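These notes are about the structure you will find just below.
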């Protein structure tokens with residue numbers, strides 16, 4: 001205990017700041033990790049399909065970021081640098097076979113001419129390369145066969161497109177950065193792709209209230225930079241920020257790295273403009289924190305994955321930027337201690353707590369064994385759980401002292417068995433490197449079955465333990481994730497893929513999650529992938545009402561068909 | 001400048017805490033204010049209609065709290081202690097004359113018998129006194145003529161009631177604590193009153209995540225006490241907490257005192273159970289911070305004032321309780337300085353800022369002239385604006401030093417002309433007393449026309465100034481409110497009420513608010529009072545969609561008729 005306390009005190013930092021906010025972070029990490037080129041969110045961009053046209057070959061280069069890797073649910077191919085190399089495959093629920101809905105028309109030359117009149121020649125795209133990229137998601141898991149991509153530049157153009165498509169019963173798929181993980185942003189068959197990327201203007205920013213109004217096609221990273229220059233941060237940050245667009249973020253209700261601190265988009269989005277299937281423009285673009293005049297309809301469009309309307313403009317509350325960041329890496333003897341520590345952290349650190357991540361011993365060992373550059377920050381004792389705590393506040397010395405006092409108190413109380421407080425940016429980065437490196441490490445260890453679940457925190461780890469009992473020696477079961485958000489990443493590793501193992505895992509994992517009132521999709525949405533699994537997390541009556549609302553807003557079902565709702569309901573509602 | 005800085009430094013507090021959290025606060029205030037018996041939210045309960053039966057006479061005793069007084073929009077009678085005394089009248093938009101919708105049936109003896117079968121004899125109430133109380137809102141502005149009050153004890157009973165009412169086309173009004181301000185919770189004609197107050201069980205509390213699940217009839221103050229004992233606070237606090245129920249809070253999307261810090265109920269409510277008009281129970285009672293499985297339908301019921309369904313259970317995220325509270329009272333030379341100060345406070349105090357209230361010189365003078373016990377905390381210089389800043393954090397000494405540093409910096413930068421930091425609870429209370437006493441002071445000064453508006457912060461005070469130009473010497477125009485929430489309380493005072501003045505104010509005030517994309521109801525909802533004014537804040541297309549959703553969820557329109565939506569749309573949709 002004393003050693004640990006001493007260690008905590010001795011690692012005082014003078015210049016620690018959030019590595020994700022530091023433009024030099026990438027270089028720092030590289031030098032620290034002796035040549036390892038793992039790319040973090042800030043300095044790399046996830047795969048942008050359009051890049052494929054610019055290269056001299058068709059190699060696909062995906063730089064996996066924390067968010068991406070840990071949330072892949074299908075099979076994919078990853079490579080590093082320029083050499084195409086199959087890294088591994090992820091396993092999980094296969095997508096259901098579906099048939100094209102014959103109610104939808106197919107594109108003809110009159111349609112093309114009409115769209116050219118609305119949008120001009122160059123924004124009506126039939127080029128095969130462009131279409132090929134837009135037809136496929138970045139994981140290369142979902143592939144449509146659209147023959148037409150439209151690039152509107154204004155809400156009015158979106159409205160005209162949808163009004164026409166609705167009258168012709170042409171199905172459409174709204175597409176932002178196409179960085180989704182559940183097949184929500186690519187066509188399933190020949191839907192017309194409406195890409196919002198040309199609508200990328202910032203409309204206004206209120207420096208007093210921190211309220212940003214912009215078009216839906218703005219790339220998240222550009223917005224982050226813009227508000228950063230004004231002294232604010234976006235309440236949303238995720239690995240795909242270099243490509244994803246704010247309209248897509250809102251349509252999928254993206255969670256990301258800052259949710260534990262700033263809450264969900266339902267709390268931060270103040271207003272929206274959206275276009276309905278029939279072309280009606282819904283102006284709900286308020287910029288007010290308080291507005292109780294009628295039903296707050298914008299929430300219907302947050303997380304409905306473009307199936308109720310196309311989001312065209314956004315108003316969002318951005319918090320002020322804070323300068324002081326501290327990171328600690330701790331060991332706990334059991335899961336109960338992790339829970340109690342979270343409770344204490346919320347109380348004692350309260351307003352400065354910005355991350356609370358947990359890692360079980362099995363995940364931790366995989367990192368030490370398989371991740372280049374990963375080192376145990378603690379003396380080599382056996383611990384069952386590890387916790388990474390990050391604080392972000394406005395006063396460095398106060399915040400650090402507060403964190404130190406909290407950690408000492410937690411150690412004296414027995415909640416923490418050992419721990420270290422980062423003394424500089426390199427050490428902070430190395431702590432995050434362990435947490436962020438888990439998915440990659442597990443990939444290297446063999447085949448992996450991945451689940452991204454939201455489960456009440458007191459029950460969360462029971463699933464991991466039950467799964468261990470269930471699978472016995474046939475698989476390694478690992479649990480880690482965002483404890484502060486009750487978000488578990490359940491990873492099951494085997495030497496090679498085995499149908500029998502999958503049958504042991506599913507539907508058990510969904511049924512267990514459902515039984516404990518968890519969510520089978522914590523933050524990625526339903527898309528195509530889980531449209532027929534929504535009943536695991538939502539009651540029949542609720543799903544039926546969703547279908548009725550879909551029918552009300554989009555009677556012909558032209559908006560992002562085959563997604564979100566079970567096929568049976570979508571057609572019969 | 002130096003004097004002011006010195007004053008700030010000299011007023012260090014050792015034992016300051018939030019008066020609203022201190023059970024002895026009421027006594028402290030009383031002794032401080034030399035016998036003045038202004039009652040604060042914690043120690044008094046707003047008028048509970050049922051109390052009328054218990055008294056030996058019919059005197060109505062309303063203890064006005066900050067929230068209540070400043071938000072009254074109609075005429076009312078107030079008294080203090082036991083003596084009935086007409087205090088004043090508030091003026092504003094008159095309610096529109098409406099006709100009973102003949103589609104609705106009237107109650108007969110078969111109905112009564114049926115309800116007795118469902119609920120038992122004692123929960124089917126026809127007693128005149130009970131009905132008389134439930135037919136009227138606490139302001140005595142709205143009065144219905146219901147002949148029946150039902151008190152279900154479970155969701156199943158609510159479901160059976162609604163299913164029957166829907167089949168018989170009997171209109172209903174859901175009622176919680178009946179503390180609303182827009183006539184949303186009382187019958188307009190003979191609607192059946194469904195009072196949820198018997199459903200007041202706490203179902204669960206997760207001490208790690210702070211997630212509370214309870215029935216909708218729980219009184220807010222009881223929930224505040226319950227989670228307080230667990231080391232948490234409700235993210236919602238308002239003057240009516242002694243009577244209002246959480247189901248009603250959610251149905252009106254109540255704002256309250258903590259919104260600037262913890263955000264709206266759309267961010268804090270994690271799940272709901274609601275019963276639709278046809279008796280269908282929608283189980284959306286998730287307890288997860290992250291859940292992206294389909295449309296997030298609970299938001300439809302937050303703020304829809306019982307017109308889409310009856311909320312029966314609630315899951316809500318409660319933040320950890322923090323112990324350190326500091327209050328400063330400052331003077332600024334102009335409104336721009338107030339705005340800049342808010343920006344600085346958000347940045348420098350960031351995570352500990354819990355209130356940012358502004359008061360203009362006109363409001364301040366009215367308080368000094370009319371409010372018993374009010375004293376100017378600053379030397380008697382002329383200032384144009386005053387700002388009250390409160391911080392709430394987890395470490396008293398750190399937080400206080402942080403606030404002091406911020407204040408000194410703001411004075412050096414010229415944003416603050418003078419200021420004082422409360423040195424003890426009495427001084428903190430006296431600062432809040434000024435802010436909270438404004439509505440009462442204005443009442444004493446004459447007739448008052450009151451508007452509760454949400455306007456983008458940079459434009460907010462323009463309305464006050466334009467109104468001054470518009471009204472000239474005929475009226476005194478005052479502006480104050482929650483600058484941190486962009487919530488303006490516009491008060492116009494005249495020696496006596498005058499139709500000509502009202503005609504000068506309205507519809508100008510609504511048109512101006514609408515033109516600047518403000519809200520004509522910041523936090524009280526639409527109810528009966530503003531059902532025909534909703535178009536000032538919402539577009540025609542949006543209101544039309546609201547009406548379509550109402551029609552979808554409640555085809556017979558039995559739920560809280562005549563409220564929220566314009567009469568024309570409600571019947572034609």
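Chains as they are written, first to last, in the UniProt record's numbering: chain A, 1 to 573; chain B, 1 to 573.
Even for Gly, the Cβ is constructed at its ideal location relative to N, Cα and C.
None of these values were measured; they are calculated from a predicted model.
- Secondary-structure assignment with DSSP links residue 332 of chain A through a beta bridge to A:385.
- Think of a sphere of 7 Å around the beta carbon of residue 339 of chain A: the chain B residues whose beta carbon falls inside it are 208, in chain order.
- As the crow flies, the alpha-carbon of residue 494 of chain B is around 11 Å from that of residue 500 of chain B.
- Your pair residue 488 of chain B and residue 460 of chain B checks out as a contact, with CB atoms roughly 5 Å apart and the cut at 8 Å.
- Considering only A:553, A:562, A:564, the residue with the shortest C-alpha distance to residue 278 of chain A is A:553.
- The count of Cβ pairs closer than 8 Å, one atom from the region 327-336 of chain B and one from the region 366-383 of chain B, reaches three, so the stretches are in contact.
- When DSSP states are grouped into helix, strand and coil, residue 538 of chain A belongs to the coil group.
- Listed by position along chain A, the residues whose Cβ is nearer than 8 Å to that of residue 393 of chain B are 350, 351.
- If you look at residue 489 of chain A, you'll find it in the beta strand (DSSP E) that goes 487-494.
- Counting along the chain, no alpha helix (DSSP H) covers residue 562 of chain A, and no H or E run does either.
- For residue 500 of chain B, the uninterrupted alpha helix (DSSP H) segment begins and ends at 499-505.
- Contact note: residue 328 of chain A does not reach chain B at a C-beta cutoff of 9 Å; the least C-beta distance is about 16 Å.
- Interface annotation, residue 146 of chain B: not in contact with chain A, CB-CB separation never under 7 Å.
- Within its own chain, the residues whose Cβ lies closer than 6 Å to the Cβ of residue 445 of chain B, once the five positions on either side in sequence are excluded, are 366, 370, 493, listed in chain order.
- Every unbroken stretch of the alpha helix (DSSP H) spanning 4 or more residues and falling wholly within the region 348-418 of chain A is given here in chain order: 361-370, 396-412.
- For residue 156 of chain A, no Cβ of chain B is located within less than 7 Å of the residue's own Cβ.
- Residue 98 of chain B carries a coil assignment under DSSP once its states are collapsed to helix, strand and coil.
- When Cβ pairs closer than 8 Å are counted between the two stretches, the region 296-304 of chain A is seen to touch the region 298-313 of chain B, the count reaching three or more.
- When beta bridges are read from the DSSP output, residue 272 of chain A appears opposite A:284, A:314.
- A direct Cα-Cα distance of roughly 10 Å separates residue 128 of chain A from residue 135 of chain A.
- The region 208-216 of chain A and the region 191-200 of chain A touch, with three or more beta-carbon pairs separated by less than 8 Å.
- Within the same chain, and ignoring the five residues on either side of residue 175 of chain B in sequence, the residues whose Cβ sits closer than 6 Å to its Cβ are 185, 193, 195.
- Restricted to the region 165-239 of chain A, the alpha helix (DSSP H) segments that are unbroken, complete and at least 4 residues in length are 220-229, listed in chain order.
- Judged by beta-carbon spacing, residue 342 of chain B lies beyond the 7 Å limit of residue 315 of chain B, meaning their Cβ atoms are not closer than that value.
- Listed as beta-bridge partners of residue 482 of chain B by DSSP are B:487.
- In terms of beta-carbon proximity, residue 526 of chain B lines the interface with chain A, with at least one pair separated by less than 7 Å.
- The beta carbon of residue 513 of chain A sits no closer than 7 Å to any beta carbon of chain B.
- Taken in chain order, the members of the region 453-464 of chain B whose beta-carbon sits within less than 9 Å of a beta-carbon on chain A are 454, 455, 456, 457, 458.
- Interface residue (Cβ-Cβ distance to chain A less than 7 Å): residue 480 of chain B is not classified as such.
- Among the CB atoms of chain B, one or more fall inside 7 Å of the CB of residue 299 of chain A.
- In the displayed model, residue 245 of chain B falls within a strand according to three-state DSSP.
- If you look at residue 445 of chain A, you'll find it in the alpha helix (DSSP H) that goes 425-445.
- Residue 464 of chain B: member of the alpha helix (DSSP H) spanning 457-471, first to last residue.
- An exposed status is given to residue 229 of chain A, since fewer than 16 other beta-carbon atoms sit within 10 Å of its beta-carbon.
- Looking at the DSSP output, residue 452 of chain A shares a beta bridge with A:489.
- Rounded to whole angstroms, the Cβ separation of residue 290 of chain A and residue 259 of chain B is 7 Å, and the two are in contact under 8 Å.
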